[in-house]
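Adding 3 to a residue's 1-based position in the sequence shown gives its number in the numbering used here.
Ideal placement from N, C-alpha and C gives every residue a C-beta, glycine not left out.
Notes follow the structure.
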Amino acid sequence: MYINSVNIEGFRNYGLQNVELSPGINVFYGNNAQGKTNFLEAVYICAMGKSFKFLKEKNLINFGSEFARVSVDYISDGMERTNSVLIKPDSKQIKVNETVIKKRLDLIGRLNVILFTPQELSIIKDGPAVRRKFIDLCAGQLRKKYLFALSQYNKVLAQKSKLLKDGYDSSLYVWNEQLAEYGSTIMWYRASLINKIKEMIEPIYNEITEKNEKLGIAYIKSIDFKDDFDQFRIKQHYMYHIQNISDREKEERVCLIGPHRDDIMFYINGKNAREFASQGQQRSIVLSLKLVEAELFKEQTGEYPVMLLDDIASELDIERRKFLFSKIKDKQVIITCTDGDKLNIEGKASYFYVENGKISCGNGS
Ligand SMILES: Nc1ncnc2c1ncn2[C@@H]1O[C@H](COP(=O)(O)OP(=O)(O)OP(=O)(O)O)[C@@H](O)[C@H]1O
Ligand SMILES: [Mg+2]
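Rendered as structure tokens:
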């Protein structure tokens, strides 16, 4: 799939802006604070229905504007579609073509994007919540059922957590039953996805590090089950454990087991990457993960997603940068940087110059 054009009105530091993209590599360059990341954010919102930054959505509206509107025209499955998002200070409306999409979840999976920003190194460095978010984003775009299970799980979890916190003391069976239902769906898919990632990432990471390092990945399940368990057995297992831990949960007044307590571990040559990986190694792991994600999308949907790369090439050394471009040349890429020349892209690319919320055709210098 690829995006033909992006239309922006009153979003962040942009007024009215229309950009026609090429199906290949699109480089957005310019000085700091000119609107490069804002442009990626506009595209991302049209794909995912919300920003990749934690914020109040009204902050997306240009300081001098009453609303923000962003839309993208894209080709998916050979058909042209338009996703648009209208943001007002206290409301948001999402549309696909002319149809209003009531639930954000129903937007996901139509225009698939993979975002890679320098902040993404937190996948390796930070706490488990970031890794769960990574796997949820990937799984959610790939599988609607996962997204549904996750949103239901979170609702039930919030209800049960509140009851525990308030010291509710009778049976929590109904909640546990539901948690086991949705939780086992989540954990089953996480396990199969992580296994797949594990298989696919090895050769990519090998290539980046010229076979000097071995990357391992492990799914740290909060409820242990074997790889060959089907969803039904995972649910039984889940019920057993959640009932067993019930007294402790009441005592500690928190939900102690379930996918909200899962983690993913990365190892380089057998050592925990979170504790030992250098910045460069962390970058290589995340880069490999993103490339694997793109392959997974291709395998599942038949099409590559659109790659959104914010300011990452400048942080890669020349060999890794070359490797990156060799791997993304058959995909649509929107990449930002401060200096288009420095990317050393071999072959064709379209350049756009960003200055003070205005985008014009550029020559890459
Ligand atoms: N709601 C808004 N209205 C107007 N301007 C805004 C709004 N939100 C952010 N900005 C402005 O957008 C600019 C930042 O844009 P952006 O983050 O896209 O920069 P960038 O080109 O990616 O820079 P860098 O190279 O430093 O990453 C800042 O000047 C900021 O003040
Ligand atoms: Mg930026």
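Distance cut-off 7 Å: residue i Cβ against heavy atoms of ligand 2
i, result
"LYS325", "no"
"LYS345", "no"
"ASP314", "yes"
Residue i, buried or exposed, once every other Cβ within 10 Å from all chains shown has been counted against 16
i, result
"SER94", "exposed"
"PHE235", "exposed"
"TYR176", "exposed"
"LEU19", "exposed"
"LYS56", "exposed"
"LYS148", "exposed"
"GLU123", "buried"
"VAL103", "exposed"
"LEU375", "The chain is shown from 4 up to 368; residue 375 falls before or after that span and cannot be answered."
"LEU153", "buried"
Residue i CB to nearest heavy atom of ligand 1 below 7 Å
i, result
"THR341", "yes"
"THR40", "yes"
"PHE66", "yes"
"GLY305", "no"
"VAL357", "yes"
"LEU118", "no"
"GLY33", "yes"
"ARG15", "yes"
"ALA45", "no"
"GLN37", "yes"
"ASN62", "yes"
Inter-residue CB distance, residue i and residue j (contact presumed, cutoff 8 Å)
i, j, result
"VAL73", "SER54", "VAL73 to SER54, Cβ: 11 Å. No contact."
"PRO308", "ALA316", "At roughly 18 Å, the Cβ-Cβ gap does not stay under 8 Å, so PRO308 and ALA316 are not in contact."
"ILE267", "ARG113", "Actually they do not touch by this definition, with Cβ atoms about 27 Å apart."
"ASP320", "PRO121", "Wrong, their Cβ atoms sit about 15 Å apart, outside the cutoff."
"ILE362", "VAL22", "5 Å"
"ARG256", "GLY170", "7 Å"
"GLY33", "VAL336", "So it is not a contact: roughly 17 Å between Cβ atoms."
"ASN115", "THR304", "7 Å"
Alpha-carbon spacing of residue i relative to residue j, whole angstroms
i, j, result
"TYR17", "GLU184", "45 Å"
"MET242", "TRP178", "11 Å"
"THR339", "LEU327", "14 Å"
"HIS254", "SER187", "Before going further, note that residue 254 is Glu rather than His in the sequence given. Their backbone Cα atoms lie some 24 Å apart in a straight line."
"TYR208", "GLU216", "8 Å"
"ASN10", "ALA45", "9 Å"
"SER79", "LEU167", "46 Å"
"GLY38", "TYR156", "37 Å"
"PHE119", "ASN41", "14 Å"
"ASN272", "ASN359", "46 Å"
"SER281", "LYS128", "10 Å"
"ILE200", "LYS330", "17 Å"
"ASP344", "ASP265", "43 Å"
"VAL289", "LYS325", "16 Å"
"GLY27", "LEU311", "12 Å"
"ARG84", "GLY143", "21 Å"
"HIS263", "PHE355", "42 Å"
"LYS332", "LEU294", "12 Å"
"GLU322", "LEU182", "47 Å"
"LYS61", "GLY52", "14 Å"
"LEU259", "LYS229", "20 Å"
"ILE211", "GLY13", "41 Å"
"GLU252", "LYS165", "12 Å"
"CYS364", "TYR47", "21 Å"
"GLU278", "GLN285", "11 Å"
Interface flag, residue i vs chain C, CB-CB below 8 Å
i, result
"TYR243", "Of the chains in the structure shown, none is chain C; there is only one protein chain."
(request) Any chance you could list the alpha helix (DSSP H) runs of at least 4 consecutive residues sitting entirely within the segment 246-281, in chain order? (result) 249-255 and 276-279
(request) List in chain order: all unbroken beta strand (DSSP E) runs of 3+ residues lying wholly within the segment 172-238. (result) 218-223
(message) Runs of 4 residues minimum, wholly inside the segment 111-171: which ones carry the alpha helix (DSSP H) assignment?
(response) 125-128, 131-145 and 147-168
(request) Would you mind listing the alpha helix (DSSP H) stretches within the segment 12-94 that are 4+ residues and don't spill past its ends, in chain order? (result) 39-51
(request) List in chain order: all unbroken alpha helix (DSSP H) runs of 4+ residues lying wholly within the segment 289-365. (result) 321-331
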